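In what follows, a structure is listed as structure tokens, so that the remarks can point back to it.
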Amino acid sequence: MKPRFFSLLISAALASSPALAANSDTTVPGADKISTKTLANGLKVVVWSDHDIPNVALYNWYKVGSRNEYAGITGISHYFEHMMFNGTSTRKPGEFDRVMEANGGANNAYTSSDVTVYQDWFPRSALELIFDLEGDRMANLDFDPKVVESERGVVYSERRSSVDNSNFGSLVEQIDATAFTAHPYQIPTIGWPSDIEGWKIEDLKRFYKTYYAPNNAVMFVIGDVEPNEVFALAEKYIGKTPAQPTPTPITTKEPEQQGERRVNLVREGEAPLLAFAHHSVSASDADAPATELLLAILANGNSSRLHQQLVEQQQIVVDVDQSLQQGFDPGLAYLYATLPPGGDLAVVEKALDAELVKIANEGITEAELNKARTQKLASFWRGMATISGKASALGTYEVFKGDYKKLFQAPANYEKVTAADIKRVAAKLFRRDNRTVGTFVPAAKKGN
Amino acid sequence: MRLSLHVLFFATALVSSNPALSAGKTMPEFERAVLPNGAEVFLMEKHDVPLIAINALVRGGSLSDPEGQEGTASLLSDMMQKGAGKRDAKTFAETVDGAGGRLTTASGFSALELSAEFLSRDADLMIELAADALQRPRLDAAEFEKARTFAIQSLAAGKDGDPRGLISEYGYAFLYKNHPYGRPSIGDETSLKNITLASLGDYYRSRVGGDRLIISVVGDFKTSEMKAKIEKAFGNWGKATSELPVITAKQKETGRRVLLVDKPGATQTYFWLGNVGVNRTDPELPAQELVDTLFGGRFTSMLNTELRIKSGLSYGARSSLDRLAQAGPANISSFTRTDATVQAIDLAIATLDRLHKEPITAEMQESAKNYVLGQFPPTLETGPQMADKLGELALYRLGRDDVDEYAARIRAASSEQIAKAVNAYPQSADLVIVLIGDASKIRDSIKKYGPVTEMKMSDPRFSP
Chain A
1060 MKPRFFSLLI
1070 SAALASSPAL
1080 AANSDTTVPG
1090 ADKISTKTLA
1100 NGLKVVVWSD
1110 HDIPNVALYN
1120 WYKVGSRNEY
1130 AGITGISHYF
1140 EHMMFNGTST
1150 RKPGEFDRVM
1160 EANGGANNAY
1170 TSSDVTVYQD
1180 WFPRSALELI
1190 FDLEGDRMAN
1200 LDFDPKVVES
1210 ERGVVYSERR
1220 SSVDNSNFGS
1230 LVEQIDATAF
1240 TAHPYQIPTI
1250 GWPSDIEGWK
1260 IEDLKRFYKT
1270 YYAPNNAVMF
1280 VIGDVEPNEV
1290 FALAEKYIGK
1300 TPAQPTPTPI
1310 TTKEPEQQGE
1320 RRVNLVREGE
1330 APLLAFAHHS
1340 VSASDADAPA
1350 TELLLAILAN
1360 GNSSRLHQQL
1370 VEQQQIVVDV
1380 DQSLQQGFDP
1390 GLAYLYATLP
1400 PGGDLAVVEK
1410 ALDAELVKIA
1420 NEGITEAELN
1430 KARTQKLASF
1440 WRGMATISGK
1450 ASALGTYEVF
1460 KGDYKKLFQA
1470 PANYEKVTAA
1480 DIKRVAAKLF
1490 RRDNRTVGTF
1500 VPAAKKGN
Chain B
-1 MRLSLHVLFF
9 ATALVSSNPA
19 LSAGKTMPEF
29 ERAVLPNGAE
39 VFLMEKHDVP
49 LIAINALVRG
59 GSLSDPEGQE
69 GTASLLSDMM
79 QKGAGKRDAK
89 TFAETVDGAG
99 GRLTTASGFS
109 ALELSAEFLS
119 RDADLMIELA
129 ADALQRPRLD
139 AAEFEKARTF
149 AIQSLAAGKD
159 GDPRGLISEY
169 GYAFLYKNHP
179 YGRPSIGDET
189 SLKNITLASL
199 GDYYRSRVGG
209 DRLIISVVGD
219 FKTSEMKAKI
229 EKAFGNWGKA
239 TSELPVITAK
249 QKETGRRVLL
259 VDKPGATQTY
269 FWLGNVGVNR
279 TDPELPAQEL
289 VDTLFGGRFT
299 SMLNTELRIK
309 SGLSYGARSS
319 LDRLAQAGPA
329 NISSFTRTDA
339 TVQAIDLAIA
349 TLDRLHKEPI
359 TAEMQESAKN
369 YVLGQFPPTL
379 ETGPQMADKL
389 GELALYRLGR
399 DDVDEYAARI
409 RAASSEQIAK
419 AVNAYPQSAD
429 LVIVLIGDAS
439 KIRDSIKKYG
449 PVTEMKMSDP
459 RFSP
């Protein structure tokens, strides 16, 4: 069982007071138990003992995503996310999952523009086995031509579900490809269809050697473990895998956008969609916390500005939401609205634009700022409630913000953001010239 | 203010002397109380993070929806946040968001449900909001019109999204035709139009009350203090006046029938194959869960191995035993590119046949047991998970042994029990089949599965 940190809870309860918030990097239970070790081959291992349940979450972050791709091999990072389960020189295709599940473990993985993250959840009795499996696929991945073809079909099926058969997925893909003219954030992580069909085994082998190297990964092991046993297992199963030359850095910078861009998607459907995407900042930018709070004030929860204005008062949309792409490089800040069938896109666009002009000109209230900060504080604690949440949060701060310790300063950093900061960021982002507008228009119905 | 007559303390159970079970997960200590109005209260302290979770269930739910007004309980649950007590809809939302809280309301078949999680410093606020939402919803006319319109538009908009989210609505409606489980909890575009503020108010006054309440609070509080707060907030709530609906089980169907839901332009076909399965209180649940794990409940399951790993026909294929108070559907679901529709469905059916024909080896049994045991503890890791579990146990009148002895029961499931549990799934000759796809491309080839009924995805209902 975890110790009961009553004194810490009191500090957290007062965290909205700036004087105390400055100390909030020391108030998370167990943060002092985190240990790290970097192996000689460059693999960094971060361990957080948490004995609440007899389980372990192991998240292995590889610093590679669709940002590292180019025409002809788009989607290859995501495809790798699949291939990493499909056999090594020592284990046949399917063996990885079969052995893991037979020993009580489960796994998943995800790919973004910036990273590919492999997640294992297992009982502590399977700890050594998991290291064996992870070390094996980092060093010995095999590329059976039959499996390569079969997995192509699986990825195609995923594309059809998440993009081709989803108006929202298709619209976002088109917006990304329009908003970025130079930077590889223009590439859809799932890959363009002809590339999914086209990449070759040589492409895969080169990609694997370059990016699936210990010096390009950070591993997080959270749960019913002790640091020393984890470090010893990492050394035993991964320590001998050689480092590779540092991958070529992505140096392309997106030129400043000069004028609004528009993309229109027309096909079968019921509900029109509108999305605004403004060029924003990278995850490590000093303005990242202010940008997060700005978007939360606009569209987090039923009391947010856009929900109240567009859904409740004007009643012109059924849903409004936001998301902020936070990666190594400056990404997009998205605002989305789902209209009712037959809804008027021009009316909604005008109303959304008016709200953005308003927040950029007039700023926000202290009450809104406090609300957004408190939402961040609560969401921070929700992340700390599970071993998976901890693995995910530590990884995000270590990989994107340079140090996992910054996680524990996050609530304090939100406290430091002022209303003036948010107004300044709103004025910087929400310029028409910095915007891509995406619309989905349902095609006229064919007669029956 | 007096507390209940029946206050029981539960110690953390010692399940068995088997040392292997020490790696399982049992319920931590909690307290149960019954308030004078009949409300059941569960309190569990959990101090790892400064949060408090609440789960409130009101027995009844969508099964009490008036005929032709399906979605009434669901719409009522929406209205509980649209102004309650001293707060109008906007102030209510601002209060939840301002505290960084989460508060959701919904209706399932057998209960209305309110779930919330707040920072523990806002415990009083959370209880006040939950008590207002349940006991003092304003049911304002203008908010009602908005909520109803919104619900109808959301259903229409949802049909543009990934059909995986909706196919089971069609599955339930088609399999449980003329049975209460065939009536959509969320309503449909026609039934929602039939609901009036007056009929919603009637439902609320007669079917929602303190005697039907099960309230579970888990988190960073002191039990004695929380007990007093809950008693004060919910102890004086009056009783519901109408009877709870009595639902009898639907019998398994024999033979096959097919529903084709036309989504013009779709590049994939989504399919759902089901029949009446098992209920939540089935004593053979452990063996059935092991069978479900092997058949379609994990990545290396038989279905996913055939449809994804070996053939690449689909991103995923799974099975599920939906457990309700009475038997819910045992079903298979997957999707594939349009031109592979028949190939994929044939393969799913052949895999179902294999489940019934081939023995489940000792190695498979051991693998499934390890998997179920290994994945169980993270399902009870957080306050909201624990609060939901306490509510679920009370709703189905199950004891804490359902959790505490789960690991032992999984381990103890015998080969004979597992072999028999295969029958939770239907034989392939007896299947209700639902497909969503481009009818012009698949209409002819799917006739071989049975008599086909056709409807359009854009139709305002989930059944033909």
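Chains A and B are the protein sequences, given in the same order. Going by my numbering, the first residue of the first sequence is number 1060, and it counts up by one from there. Going by my numbering, the first residue of the second sequence is number -1, and it counts up by one from there. C-beta atoms are modelled at their ideal positions from N, C-alpha and C, and glycine is treated no differently. On a predicted model such as this, the values are computed, not experimentally measured, just so you know.
Roughly how many whole angstroms lie between the Cα atoms of N1082 of chain A and V47 of chain B?
Low confidence applies to N1082 of chain A: its pLDDT is 34, below 50, so where it sits in the model is not reliable, and the reading given next is rough at best. Those two C-alpha atoms are separated by around 17 Å.
Please classify G1107 of chain A: does DSSP put it in a helix, a strand, or coil?
According to the sequence provided, residue 1107 of chain A is Trp. The question's Gly does not apply to it. In the structure shown, W1107 of chain A sits in a strand (DSSP, three-state: E or B).
Which residue spans inside the stretch 15 to 99 of chain B form an unbroken beta strand (DSSP E) run of at least 3?
Taken in chain order, the whole beta strand (DSSP E) runs of length 3 or more contained in the stretch 15 to 99 of chain B are 28 to 32, 38 to 43 and 49 to 57.
For K1096 of chain A, the first and last residue of its enclosing alpha helix (DSSP H)
Not the alpha helix (DSSP H): K1096 of chain A falls in the beta strand (DSSP E), residues S1094 to T1097.
Does any residue of chain B have a CB that is nearer than 8 Å to the CB of W1107 of chain A?
Answer no: the Cβ-Cβ gap between W1107 of chain A and chain B never drops below 8 Å.
Against chain B, with Cβ distances strictly below 8 Å, would W1251 of chain A count as a contact?
No, because no Cβ of chain B sits closer than 8 Å to the Cβ of W1251 of chain A.
Contact list for the stretch 1369 to 1390 of chain A against chain B, Cβ threshold 8 Å
Within the stretch 1369 to 1390 of chain A, those residues whose Cβ lies closer than 8 Å to any Cβ of chain B are, in chain order, V1370, E1371, Q1374, V1377 and D1378.
Spatial neighbours of S113 of chain B within its chain, please: C-beta separation below 6 Å, excluding the five flanking residues on both sides.
Excluding the 5 residues flanking it on each side, S113 of chain B has same chain C-beta neighbours closer than 6 Å at N53 and T102, in chain order.
Which residues DSSP lists as bridging V1496 of chain A, in chain order
Answer is A:R1321 and A:F1335.
Using DSSP with H/G/I as helix, E/B as strand and the rest coil, what is D1462 of chain A?
In the structure shown, D1462 of chain A falls within a coil segment according to DSSP collapsed to helix, strand and coil.
Mind checking if S365 of chain B is an interface residue toward chain E, Cβ cutoff 8 Å exclusive?
No chain E appears in this structure, whose protein chains are A and B.
Could you please give me the residues that DSSP links to V274 of chain B through a beta bridge?
The bridge partners DSSP lists for V274 of chain B are B:P327.
Where I1189 of chain A meets chain B, residues with beta-carbon distance less than 9 Å:
Those within 9 Å of I1189 of chain A in chain B number zero; the least Cβ separation is about 11 Å.
Residue from B:L117, B:P357 and B:E29 whose Cα sits closest to the Cα of N1437 of chain A:
According to the sequence shown, residue 1437 of chain A is Ala rather than Asn. Considering only alpha carbons, the answer is B:L117.
Straight-line Cα distance separating G156 of chain B from A1502 of chain A
Spanning the two alpha carbons is a distance of roughly 17 Å.
At a CB-CB cut-off below 7 Å, which residues of chain B make contact with D1223 of chain A?
Listed by position along chain B, the residues whose Cβ is nearer than 7 Å to that of D1223 of chain A are T265.
With distance defined between alpha-carbon atoms, name the residue in A:N1429, A:L1391, A:F1467 and A:A1334 nearest to F1239 of chain A.
The residue with the shortest Cα to Cα distance from F1239 of chain A is A:L1391.
For a cutoff of 8 Å on Cβ pairs, would you count F269 of chain B as touching chain A?
The beta carbon of F269 of chain B sits no closer than 8 Å to any beta carbon of chain A.
Where G233 of chain B and L127 of chain B are concerned, what is the direct C-alpha to C-alpha distance, given to the nearest angstrom?
Cα to Cα, G233 of chain B sits roughly 15 Å from L127 of chain B.
First and last residue of the uninterrupted beta strand (DSSP E) at S240 of chain B:
Per DSSP, S240 of chain B lies in no beta strand (DSSP E) segment and is marked neither H nor E.
Who are the neighbours of Q1178 of chain A on chain B, taking C-beta pairs under 9 Å?
Those do not exist, as Q1178 of chain A stays about 12 Å from chain B at its closest Cβ, beyond 9 Å.
For chain A, check one thing: does any of its Cβ atoms lie closer than 8 Å to the Cβ of N368 of chain B?
So, interface residue.
For T336 of chain B versus G435 of chain B, is the C-beta distance shorter than 8 Å?
Between T336 of chain B and G435 of chain B, the C-beta gap is smaller than 8 Å, which places the two residues in contact.
Continuous alpha helix (DSSP H) stretch holding G169 of chain B: start and end
Boundaries of the alpha helix (DSSP H) harbouring G169 of chain B: I165 to L173, taken from the DSSP string.
Nearest to T194 of chain B (by Cα), restricted to the options B:K439, B:I245 and B:L73:
Comparing Cα-Cα distances from T194 of chain B to each of B:K439, B:I245 and B:L73, the minimum goes to B:L73.
Looking at the structure shown, is S1382 of chain A part of a helix, part of a strand, or coil, going by DSSP?
In this structure, DSSP gives S1382 of chain A an extended state, which the three-state scheme calls strand.
Cβ pair S1343 of chain A, K1460 of chain A closer than 8 Å
Against a cut-off of 8 Å, the Cβ pair of K1460 of chain A and S1343 of chain A comes out as a contact.
Same chain, Cβ closer than 6 Å to A499 of chain B, neighbours up to 5 away in sequence not counted:
Within the shown structure, residues of chain B are numbered from -1 to 462, placing residue 499 of chain B beyond reach of any answer.
Let me check understanding here. Comparing Cα to Cα, which of B:L242, B:G217 and B:V216 lies closest to S204 of chain B?
Taking each of B:L242, B:G217 and B:V216 in turn and checking the Cα distance to S204 of chain B, the smallest one comes out for B:L242.
To the nearest angstrom, how far is the alpha carbon of S1362 of chain A from that of T93 of chain B?
In this structure, the alpha-carbon of S1362 of chain A lies about 8 Å from that of T93 of chain B.
Closest to A422 of chain B by C-alpha separation, out of B:L41, B:E364 and B:H354, would be which residue?
With respect to the C-alpha of A422 of chain B, the residue from B:L41, B:E364 and B:H354 having the closest C-alpha is B:H354.
Any beta-carbon of chain A closer than 8 Å to the one on F333 of chain B?
Yes, F333 of chain B lies at the interface with chain A (some Cβ there is under 8 Å from its Cβ).
Residue from B:F333, B:L371 and B:R278 with nearest C-alpha to T291 of chain B:
Ranking B:F333, B:L371 and B:R278 by CA distance to the CA of T291 of chain B puts B:L371 first.
Residues of the stretch 1089 to 1121 of chain A in Cβ contact with chain B at a cutoff of 7 Å, in chain order, please.
Residues passing the 7 Å Cβ filter: D1111, I1112, P1113 and N1114.
Given that a residue counts as buried once 16 or more other Cβ atoms are within 10 Å of its Cβ, and exposed if not, what is K1122 of chain A?
Its Cβ being crowded by 16 or more others within 10 Å, K1122 of chain A is buried.
Using the rule of at least 16 other Cβ atoms within 10 Å of the residue's Cβ for burial, across every protein chain shown, is N1145 of chain A buried or exposed?
The residue is buried, with at least 16 neighbouring Cβ atoms inside 10 Å.
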